[in-house]
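A.B. asks: Provided herewith is a single structure, encoded as C-alpha cells, for subsequent inquiry.
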Amino acid sequence: MYSHDKKFNHVSTTNRLIIRPLKFEDYKNWLHAFKNRFPSQHRYDEGRIDMSECTYEWYSALVAKHQYLALNDVAYVFGVFRKRDGAHLGMVDFSTLARSNFQWGRIGYGIHNQYWGNGYGKEAVKEALNIGFSHLHFHRIEAHINLDNIVSKKLAESVGMKFECIREGFIHEFGEWTDNLVYYVNAN
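Residue numbers (UniProt numbering): 1 to 188.
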C-alpha cells in the first residue's frame, strides 16, 4: 500500500502529461474542460453534461472525498493535465479490490472528447499503470470493459493489458446487470 502522510499527492509526468490528484486550485481548468466537451459521440461518452451544480464548494468537497478515499486505500483518482498549458484532459483512477495476498486493483480511464485522437488516453493509462505498480503496489490490475466498447478494449490492448474472460452479469448499469470483458496486467 502507498504510504502517505496527511495527503495523497503523487505526481507523475510523461513527455506531454502531468498525472496527479486534483487540487483545489484546479477548479477553473477542471470546469472549463467539462463545459467544453463535444456532444456525446457514443453510448459510453457522456458528452456535455450539466455542470450548474458544480460550484467551487461542490468541487472542493469532491477533492476532499478523493483524498479521503486515497488515505483509506479505497480509490485513487488522478487528473490528467497537458504539460504545455495545464489543460485538464481527463481522469484515470484505481479502486482497490483486495490487498493481503492479492494486491489487486481496477483501473478506470476517460479523456474529455474534445481531446480525443491525440494519443492522450494511451499515454495517460500507460503511466497510470506504472503508478499502480510502483507507488500503489498492486500486483494485478484489471480493466472492466463493456462488451461493445471497442475503443476502451483497443486502449487496454495498446498498453499491454491481456483479455482474460467475460464476467457475466458483473456490473449494474443502464438499469440492468451487464457483462464485462476483463483485461488484466500483472506486475513484472
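In this text, a Cβ means the ideal position worked out from N, Cα and C, and glycines have one as well.
These numbers come from a predicted model, not from an experiment.
At the level of alpha carbons, what is the spacing between Leu-17 and Asn-9?
C.D. replies: Walking along the sequence shown from the start, residue 17 turns up at place 17. Walking along the sequence shown from the start, residue 9 turns up at place 9. Leu-17 and Asn-9: Cα-Cα distance of roughly 16 angstroms.
A.B. asks: Three Cβ pairs or more, each shorter than 8 angstroms: is that satisfied between the region 31-38 and the region 110-124?
C.D. replies: Flag = yes, the region 31-38 and the region 110-124 touch.
A.B. asks: Sorted by chain position, which residues of the same chain lie with C-beta nearer than 6 angstroms to Ala-128's C-beta, five sequence neighbours on each side aside?
C.D. replies: Residue mapping note: residue 128 aligns to position 128 of the sequence shown, counting from 1. Val-92.
A.B. asks: So what's Val-151 in DSSP terms, helix, strand or just coil?
C.D. replies: Indexing the sequence shown from 1 puts residue 151 at position 151. In the structure shown, Val-151 sits in a helix (DSSP, three-state: H, G or I).
A.B. asks: Would Asn-72 be called buried (16 or more neighbouring beta carbons within 10 Å of its own) or exposed?
C.D. replies: As a first step, residue 72 must be located in the sequence shown, where it is residue number 72. It is exposed - the Cβ of Asn-72 has fewer than 16 other Cβ atoms within 10 Å.
A.B. asks: Measuring straight from C-alpha to C-alpha, what distance separates residue 190 and Lys-153?
C.D. replies: Because the chain is modelled from 1 through 188, residue 190 falls outside the range shown and cannot be assessed.
A.B. asks: Using CA coordinates, which residue listed in Gly-105, Ala-124, Tyr-68, Phe-133 is at the minimum distance from residue 222?
C.D. replies: Here the chain covers residues 1 to 188 and nothing more, so residue 222 does not appear.
A.B. asks: Helix, strand or coil, according to DSSP, for Asn-130 in the structure here?
C.D. replies: In the sequence shown, residue 130 corresponds to position 130, counting from 1. Three-state DSSP puts Asn-130 in a helix.
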